[in-house]
Every structure is written in C-alpha cells, then in structure tokens.
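Using UniProt numbering, the letters of the sequence shown correspond one by one to residues 2 to 343. For glycine and all other residues, C-beta sits at the position ideal for the given N, C-alpha and C. Treat the numbers as computed from the prediction; the structure is a model and nothing was measured.
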Amino acid sequence: SVNSPKSIVTGGAGFIGSNLVRHLLGKGHRVLNIDKLTYAGNLRSLDDVAAHPNYEFLQADIADAAAMNQAFSSFMPDTVFHLAAESHVDRSIHAPLDFVQTNVVGTAVLLQATLHFWENLTAERKAAFRFIHVSTDEVFGSLGEAGSFSESSCYDPHSPYSASKAASDHLVRSWHDTYGLPAIVTNCANNHGPRQYPEKLIPLAIINAISGKSIPIYGDGMNVRDWIHVEDHCEGLLAVAERGICGETYLIGANAEWRNIDLVRNLCQHLDELHPSNNGLSYANQIQFVNDRPGHDFRYAIDSSKIRRELGWKPRQSPSDAFRSTVQWYLEHENWWRPLLR
Ligand code: NAD
C-alpha cells in the first residue's frame with residue numbers, strides 16, 4: 002500500500018537477509034531486496050514471499066554504483082538495512098580480496114548512493130531516513146575467560162572477514178560524522194535458525210550427523226561463541242531502525258554463550274530425540290576434532306544491555322530450547338539444503 006514504510010534490504014537472499022525480508026513484510030513494509038546472488042544467495046529461501054505484492058527483487062552488486070543509484074531513485078526507500086557481505090571466515094582465509102571488494106568497496110559504493118539519494122529528499126523525509134548497518138561482534142577480536150564486548154569495546158579484528166567488516170563499520174560511521182547521513186551500526190552475536198548456508202557450524206553439524214559423516218570441530222572445541230536466534234536479531238534490527246539514535250552503535254545478543262563442543266553435543270542430543278539414528282548410537286559419536294582454524298578467536302560474548310535498556314528490545318527465544326527449533330527446521334527442510342551440498 003502507498004503508506005507502508007519502504008525498506009531496501011541488501012543481501013536479502015542470504016541467511017539473515019531472507020529472514021529479515023520475511024519479517025519486514027510481516028510488519029507491513031514494502032521491501033526491495035538487492036542481492037548479487039553469490040553462492041550464498043538463494044532465491045528458494047524466499048519462495049513463499051516471491052509473489053507478495055509488497056516485495057521486489059533486484060539482482061545487482063552493491064559495488065555497482067549505477068545500479069545502486071537507479072535502485073534508490075526508482076524505489077525511494079525510507080530505510081536501508083545493509084546485510085550484503087561475504088560472510089564466511091574460512092573462505093576469507095583463502096580468498097580475502099573478495100571480502101575487501103564486497104564488504105569494504107561495496108559498502109562504500111552503497112553509502113555514496115544512499116548519500117546522493119538522501120541529500121535530495123525533503124527535510125521531513127531526510128530526518129526520518131535511516132541506514133542500518135548489520136555487522137558482527139567479531140570486529141572486537143577475542144575475549145579471555147571473562148568479560149564481554151560493549152559499544153565502547155576497541156576494534157581488534159583478526160581474520161580477513163572480521164577486518165573487512167570492521168572497515169565497513171568505520172566507513173558507515175564516517176558517512177554519519179562527515180556528511181550527516183542518518184546511519185546506525187549494529188554488531189550482533191552468531192546467528193542460528195532457518196536457511197543458513199550449510200558451510201556454517203550448526204547446519205553443517207546437523208547435516209553431517211544425519212548423513213552418517215563425521216562432525217568436524219576445530220581444535221579442542223573449547224572456543225566460546227555467543228548465539229542468538231535469527232528472528233530475535235531481525236526484531237532487534239527493526240527496533241534499531243524505528244527507535245535507535247543516529248550515529249550510535251547497538252550490540253545485539255541473547256546472553257547465550259556456548260563452547261563449540263557443548264553446542265555440538267547439544268545439537269546431537271536434540272537429534273537423538275527427534276531423529277534417532279539407525280544404529281542406536283548417539284550422533285555425538287561422530288564428533289571429530291580437526292586442526293584449528295588459523296587465528297581462531299577464543300571467545301566472543303556480547304553485553305546487550307544498551308539495546309535492552311534504551312530500545313526495549315529483548316530476545317524471545319528461551320535459551321534452554323534455543324537450538325531445538327533450528328535442528329527441527331533442518332530435519333524438515335532437506336529439500337532446501339540438499340541441492341546446496343556439493
Ligand atoms: P550470507 O552469506 O548468508 O548472505 C549474504 C548475502 O549477500 C547473500 O545472499 C549474497 O548473495 C549477498 N551478497 C554477497 N555479495 C554481494 C554483493 N557484492 N552485492 C549484493 N549482494 C551480495 O550471510 P548472513 O549470515 O546472512 O549475514 C548477513 C550479514 O549479517 C553480513 O553482513 C554479516 O556480516 C552479518 N552478520 C552475520 C552474522 C551471522 O552469524 N551469520 C552475525 C552478525 C552479523
């Protein structure tokens with residue numbers, strides 16, 4: 002409808018992006034999904050909304066300035082949610098320049114297109130416009146056994162992935178500070194949930210387990226990650242777009258720290274109950290420790306008290322059964338992940 006808020010989602014065919022597109026449509030937004038459709042982009046993740054009257058798709062690279070300018074002037078967004086990125090740490094170790102190109106150059110081109118569009122808006126629309134940058138807690142580097150990241154943590158990235166995301170965060174802040182672009186940076190914990198590409202730890206563990214393969218865990222499995230359900234992240238992003246303060250940063254997390262080994266054992270437990278293996282053994286028997294990832298950060302943990310206090314957001318998923326619904330989703334959607342396996 003004419004009065005619906007209009008949102009551009011970059012990377013909307015990816016894991017978080019496809020969940021966000023669905024979330025925004027559910028909230029009455031009109032959505033333009035801009036995605037290059039790399040190996041990680043999958044239009045099947047949007048099958049159920051492809052024909053929605055408020056949904057449009059544009060296949061384009063965020064680093065293509067002409068395509069971005071054209072998209073902005075024809076769609077006329079109120080908000081941009083910027084998620085398009087190369088997102089897999091292990092790939093960044095083998096092909097770092099792809100990460101610099103999309104995450105750094107692409108973000109700069111997108112910011113420039115946003116700025117040109119924003120500068121020509123009426124004063125009222127200019128004031129209401131938002132650019133929401135979706136980033137990761139990995140930009141802050143690695144924690145020891147104690148403590149957590151906050152909005153004032155120093156940047157200390159270690160992988161080409163996290164370094165490129167750190168650069169993109171700085172670019173977004175500089176477009177706010179230099180040109181007044183109404184931008185906000187968010188840094189979120191590790192996401193899990195439906196439609197995550199099967200190279201990532203949780204879908205990989207589930208799929209390998211039920212395929213009778215070994216379940217690889219880096220090093221000794223003691224590395225700690227902080228987990229959040231993707232729908233809780235999407236609600237957090239909308240809260241930031243609606244109530245966040247321009248130029249500020251918001252950390253999004255669900256206080257759910259898990260050592261990798263405990264997480265995978267938990268997934269196996271859910272699988273043992275939901276999908277008992279033919280040989281009667283626990284899937285945990287398939288766990289296999291493999292050589293550690295170079296530069297592997299030891300621990301991430303997010304203090305999300307600012308977004309909880311200032312924007313009234315909190316995660317809905319209960320930590321106790323956090324992963325069960327995700328396990329269930331992959332069990333029920335083999336038709337989604339099977340074609341993605343090589
Ligand atoms: P993903 O890899 O599943 O999806 C990325 C999407 O971006 C894909 O659809 C891909 O086709 C698209 N894309 C890549 N390069 C592009 C380009 N040059 N132009 C247009 N589109 C392009 O990633 P994800 O896990 O959904 O992550 C989305 C965003 O959220 C990323 O910016 C990531 O850094 C951030 N993030 C992810 C997590 C997580 O746990 N997955 C946590 C915090 C932040």
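{"Check": "Straight-line Cα distance separating residue 319 from residue 213", "Outcome": "30 Å"}
{"Check": "Same chain only: Cβ atoms within 7 Å of residue 14, ignoring 5 sequence neighbours per side", "Outcome": "34, 36, 38, 42, 43, 44, 46, 47"}
{"Check": "Residue 300 vs residue 144 beta-carbon contact at 7 Å", "Outcome": "yes"}
{"Check": "Backbone secondary structure at residue 131 - three-state DSSP", "Outcome": "strand"}
{"Check": "Three-state secondary structure assigned by DSSP to residue 49", "Outcome": "helix"}
{"Check": "CA-to-CA distance, residue 315 to residue 279, given in whole angstroms", "Outcome": "40 Å"}
{"Check": "Three-way DSSP call (helix, strand, coil) for residue 259 in this model", "Outcome": "strand"}
{"Check": "Per-residue DSSP class, three states only, for residue 34", "Outcome": "strand"}
{"Check": "Cβ neighbour criterion (16 or more within 10 Å) applied to residue 322", "Outcome": "exposed"}
{"Check": "heavy atom of the ligand NAD below 6 Å from residue 301 C-beta", "Outcome": "no"}
{"Check": "Rounded straight-line distance, which links the Cα of residue 9 to that of residue 82", "Outcome": "6 Å"}
{"Check": "Same chain, Cβ closer than 6 Å to residue 162, five either side skipped, listed in chain order", "Outcome": "90, 93, 100"}
{"Check": "Where residue 295 falls: helix, strand or coil (DSSP)", "Outcome": "coil"}
{"Check": "heavy atom of the ligand NAD below 6 Å from residue 17 C-beta", "Outcome": "yes"}
{"Check": "Helix, strand or coil at residue 162 according to DSSP, with G and I counted as helix", "Outcome": "helix"}
{"Check": "Residue interval of the beta strand (DSSP E) (run including residue 10)", "Outcome": "7-11"}
{"Check": "Inter-residue spacing [alpha-carbon to alpha-carbon] between residue 104 and residue 88", "Outcome": "9 Å"}
{"Check": "Simplified DSSP assignment, three categories, for residue 1", "Outcome": "In this structure the chain extends from 2 to 343, so residue 1 is not present and cannot be described."}
{"Check": "Residue span of the beta strand (DSSP E) that contains residue 89, given as start and end", "Outcome": "Where residue 89 is concerned, there is no enclosing beta strand (DSSP E), given that its DSSP letter is neither H nor E."}
{"Check": "Inter-residue spacing [alpha-carbon to alpha-carbon] between residue 208 and residue 294", "Outcome": "21 Å"}
{"Check": "Paired residues, beta bridge with residue 300 - DSSP", "Outcome": "225"}
{"Check": "Residue of 249, 302, 328 minimising C-alpha distance to residue 275", "Outcome": "328"}
{"Check": "Beta-bridge partners of residue 57, as assigned by DSSP", "Outcome": "33"}
{"Check": "Selection from 286, 130, 302 that minimises the alpha carbon distance to residue 141", "Outcome": "302"}
{"Check": "Residue 315 CB to nearest heavy atom of the ligand NAD below 6 Å", "Outcome": "no"}
{"Check": "Residue 192 beta carbon near the ligand PLP (any heavy atom closer than 6 Å)", "Outcome": "Inclusion of the ligand PLP in the displayed structure is not the case, the ligand content consisting of the ligand NAD alone."}
{"Check": "According to DSSP, residues forming a beta bridge with residue 185", "Outcome": "133"}
{"Check": "Limits of the alpha helix (DSSP H) - the one that residue 217 falls within", "Outcome": "Unbroken run through residue 217 is the beta strand (DSSP E), 216-219; no alpha helix (DSSP H)."}
{"Check": "Local Cβ density within 10 Å of residue 188, reported as buried at 16 or more and exposed below that", "Outcome": "buried"}
{"Check": "Cβ distance (whole Å) where residue 290 is taken to contact residue 222 below 8 Å", "Outcome": "6 Å"}
{"Check": "Nearest residue (CA-CA) to residue 288, options 297, 307, 264", "Outcome": "264"}
{"Check": "Spatial neighbours of residue 118 in its chain, beta-carbon cut-off 6 Å, leaving aside the 5 residues before and after", "Outcome": "73"}
{"Check": "Of the residues 59, 80, 79, the one placed nearest residue 71, counting alpha carbons only", "Outcome": "59"}
{"Check": "Unbroken alpha helix (DSSP H) run spanning residue 115, endpoints", "Outcome": "108-120"}
{"Check": "Distance between residue 174 and residue 181 (C-alpha atoms, nearest Å)", "Outcome": "10 Å"}
{"Check": "Beta carbon of residue 254 nearer than 7 Å to that of residue 160", "Outcome": "no"}
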